[in-house]
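**Student:** Below is one structure. I have some questions about it.
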Amino acid sequence: MATGRTHRPATRSRGIPEATVARLPLYLRALTALSERSVPTVSSEELATAAGVNSAKLRKDFSYLGSYGTRGVGYDVEYLVYQISRELGLTQDWPVVIVGIGNLGAALANYGGFASRGFRVAALIDADPAMAGKPVAGLPVRHTDELESIISDNGVSIGVIATPAGAAQQVCDRLVAAGVTSILNFAPTVLAVPEGVDVRKVDLSIELQILAFHEQRKAGEETTSAPAGAPRVDLAARPAAQPRAAATGTSARKGPDGEVPAVMPA
Numbered sequence: 002m003a004t005g006r007t008h009r010p011a012t013r014s015r016g017i018p019e020a021t022v023a024r025l026p027l028y029l030r031a032l033t034a035l036s037e038r039s040v041p042t043v044s045s046e047e048l049a050t051a052a053g054v055n056s057a058k059l060r061k062d063f064s065y066l067g068s069y070g071t072r073g074v075g076y077d078v079e080y081l082v083y084q085i086s087r088e089l090g091l092t093q094d095w096p097v098v099i100v101g102i103g104n105l106g107a108a109l110a111n112y113g114g115f116a117s118r119g120f121r122v123a124a125l126i127d128a129d130p131a132m133a134g135k136p137v138a139g140l141p142v143r144h145t146d147e148l149e150s151i152i153s154d155n156g157v158s159i160g161v162i163a164t165p166a167g168a169a170q171q172v173c174d175r176l177v178a179a180g181v182t183s184i185l186n187f188a189p190t191v192l193a194v195p196e197g198v199d200v201r202k203v204d205l206s207i208e209l210q211i212l213a214f215h216e217q218r219k220a221g222e223e224t225t226s227a228p229a230g231a232p233r234v235d236l237a238a239r240p241a242a243q244p245r246a247a248a249t250g251t252s253a254r255k256g257p258d259g260e261v262p263a264v265m266p267a
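Take 2 as the starting number for the sequence shown in my numbering and just add one per residue.
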């Protein structure tokens with residue numbers, strides 16, 4: 002099977018917009034669910050609803066793939082699964098290394114969705130000598146001293162960083178120097194990378210803060226639209242929410258309600 006080192010997706014060369022690329026996994030997830038139910042075809046409206054986008058945007062996205070469906074029939078589910086998987090590079094084997102095997106790193110290592118989506122965890126790496134050799138998700142943890150040789154031996158081009166913020170940039174620099182060109186960053190910090198290296202950042206605290214913004218906005222709307230005579234809620238009088246520290250990905254942290262648990266990816 003081909004590896005990520007020698008084969009790369011053709012999306013950029015074909016001029017597919019980044020916004021479309023970001024939606025392709027949503028379509029693939031919805032299509033995979035349909036395939037598992039043996040649904041042969043799906044309309045653009047049904048698929049758009051399942052993916053959480055509007056149908057006009059879906060049809061535009063699929064036009065970049067050269068897939069237009071059949072009037073009155075819709076899209077062939079199995080063909081679209083293959084077409085999107087191929088466009089995303091998921092018909093190949095992508096060896097991945099996870100650096101930082103704390104609570105979050107271990108949860109990622111145990112996540113069963115990697116293998117089913119074309120990603121093979123080639124190695125688990127941690128800086129703690131006490132972790133070396135310990136099995137996690139069926140793999141022995143390797144020490145960071147072996148990072149470069151692991152990447153070279155396995156042809157790794159994708160790295161996952163789940164270290165504390167203070168160690169993330171150094172790990173990133175070593176990954177890039179060893180030949181990694183795509184990084185998924187769970188550390189609560191912004192990484193500096195050279196041209197040609199792609200970084201995707203996953204920050205759970207930011208996502209929660211965005212949700213808090215919308216909750217506050219909805220509460221304000223409910224207050225201003227309350228019927229005449231109804232008691233009004235003074236939002237300013239509410240006790241301020243206590244900020245929680247962002248998870249580092251290496252250990253659970255104490256809060257007012259106890260430990261903040263590690264989070265398994267969806």
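Backbone N, C-alpha and C define an ideal beta-carbon position, used for all residues, glycine too.
On a predicted model such as this, the values are computed, not experimentally measured, just so you know.
Would you kindly work out how many angstroms separate the C-alpha atoms of residue 56 and residue 136, rounded to a whole number?
**Tutor:** Cα to Cα, the separation comes out at about 46 Å.
**Student:** Please tell me whether residue 43 has its Cβ less than 8 Å away from any Cβ of chain C.
**Tutor:** Judged by its chain identifiers, the structure shown contains no chain C, having just a single protein chain.
**Student:** In the structure shown, what three-state DSSP assignment does residue 54 receive?
**Tutor:** In this structure, residue 54 counts as coil in the three-state DSSP scheme.
**Student:** When we look at the beta-carbon of residue 115 and count the other beta-carbons within 10 Å, is it buried (16 or more) or exposed?
**Tutor:** The residue is buried, with at least 16 neighbouring Cβ atoms inside 10 Å.
**Student:** Would the stretch 89-100 and the stretch 45-65 be scored as touching if the rule is three or more Cβ pairs under 8 Å?
**Tutor:** Verdict: no, contact absent.
**Student:** Just tell me which of 211, 159, 48 and 217 has its CA closest to the CA of residue 77.
**Tutor:** Nearest option by C-alpha distance: 48.
**Student:** Check whether the Cβ atoms of residue 64 and residue 81 sit closer than 8 Å, and answer yes or no.
**Tutor:** No.
**Student:** What did DSSP end up calling residue 213 once you bin it into helix, strand or coil?
**Tutor:** Three-state DSSP puts residue 213 in a helix.
**Student:** Distance, Cα to Cα, residue 172 vs residue 38?
**Tutor:** Each residue's Cα considered, the two are about 42 Å apart.
**Student:** Three Cβ pairs or more, each shorter than 8 Å: is that satisfied between the stretch 181-188 and the stretch 212-221?
**Tutor:** No contact exists between the stretch 181-188 and the stretch 212-221.
**Student:** Hey, out of 164, 73 and 74, whose CA is closest to residue 126's CA?
**Tutor:** That would be 164, whose Cα lies nearest to the Cα of residue 126.
**Student:** Compare the Cα-Cα distances from residue 161 to each of 32, 200 and 155 and report the closest residue.
**Tutor:** If we check each option's Cα against that of residue 161, 200 comes out closest.
**Student:** Taking the alpha carbon of residue 40 as the point to measure from, which residue in 30, 29 and 79 has its own alpha carbon closest?
**Tutor:** When each option's Cα is compared against that of residue 40, the closest is 79.
**Student:** Expressed to the nearest angstrom, what Euclidean distance is found between the alpha-carbon atoms of residue 133 and residue 224?
**Tutor:** Approximately 56 Å between the Cα atoms of the pair.
**Student:** Hey, could you find the ends of the beta strand (DSSP E) residue 127 is sitting in?
**Tutor:** Start and end: 120-127.
**Student:** Applying the criterion that 16 or more other CB atoms from any shown protein chain within 10 Å of the CB defines a buried residue, is residue 154 buried or exposed?
**Tutor:** It is exposed - the Cβ of residue 154 has fewer than 16 other Cβ atoms within 10 Å.
**Student:** Given a cut-off of 8 Å on the beta-carbon distance, is the pair residue 128 and residue 166 in contact?
**Tutor:** Result no, Cβ atoms of residue 128 and residue 166 do not sit closer than 8 Å.
**Student:** Report the residue from 31, 20, 140 and 149 whose alpha carbon sits nearest the alpha carbon of residue 178.
**Tutor:** Among 31, 20, 140 and 149, the Cα nearest to that of residue 178 belongs to 149.
**Student:** Under a Cβ-count criterion, where at least 16 other Cβ atoms within 10 Å of its own Cβ denotes burial, should residue 196 be classed as buried or exposed?
**Tutor:** With fewer than 16 Cβ atoms within 10 Å of its Cβ, residue 196 is classed as exposed.
**Student:** Which residue comes first and which comes last in the alpha helix (DSSP H) that contains residue 155?
**Tutor:** Here the alpha helix (DSSP H) through residue 155 covers 148-155.
**Student:** Among residues of its own chain, excluding the 5 on either side of residue 74, which ones have a beta-carbon nearer than 7 Å to its beta-carbon?
**Tutor:** So the list reads 42, once near-sequence residues are dropped.
**Student:** What residues in its chain sit with their C-beta under 6 Å from that of residue 182, if we drop five residues either side in the sequence?
**Tutor:** Excluding positions up to five away in sequence, the list reads 158 and 198.
**Student:** Could you check the C-alpha separation between residue 21 and residue 59 for me, to the nearest Å?
**Tutor:** In a straight line, the C-alpha of residue 21 is about 9 Å away from that of residue 59.
**Student:** When the distance is taken between beta carbons, is residue 25 closer than 8 Å to residue 85?
**Tutor:** The answer is yes: Cβ separation under 8 Å.
**Student:** Could you tell me the alpha carbon to alpha carbon distance between residue 92 and residue 30, rounded to whole angstroms?
**Tutor:** Cα-Cα distance, rounded: 15 Å.
**Student:** Grab me the residues of residue 107's own chain with a C-beta within less than 7 Å of its C-beta, minus the 5 sequence neighbours each way, in chain order.
**Tutor:** Here the set comprises 137.
**Student:** Please report the straight-line C-alpha distance between residue 194 and residue 180, rounded to a whole angstrom.
**Tutor:** Roughly 12 Å between the two C-alpha positions.
**Student:** Tell me which residues share the same chain as residue 27 and place their Cβ nearer than 8 Å to its Cβ, disregarding the 5 neighbours each side in the sequence.
**Tutor:** Cβ neighbours of residue 27 beyond the five flanking positions: 52, 53 and 54.
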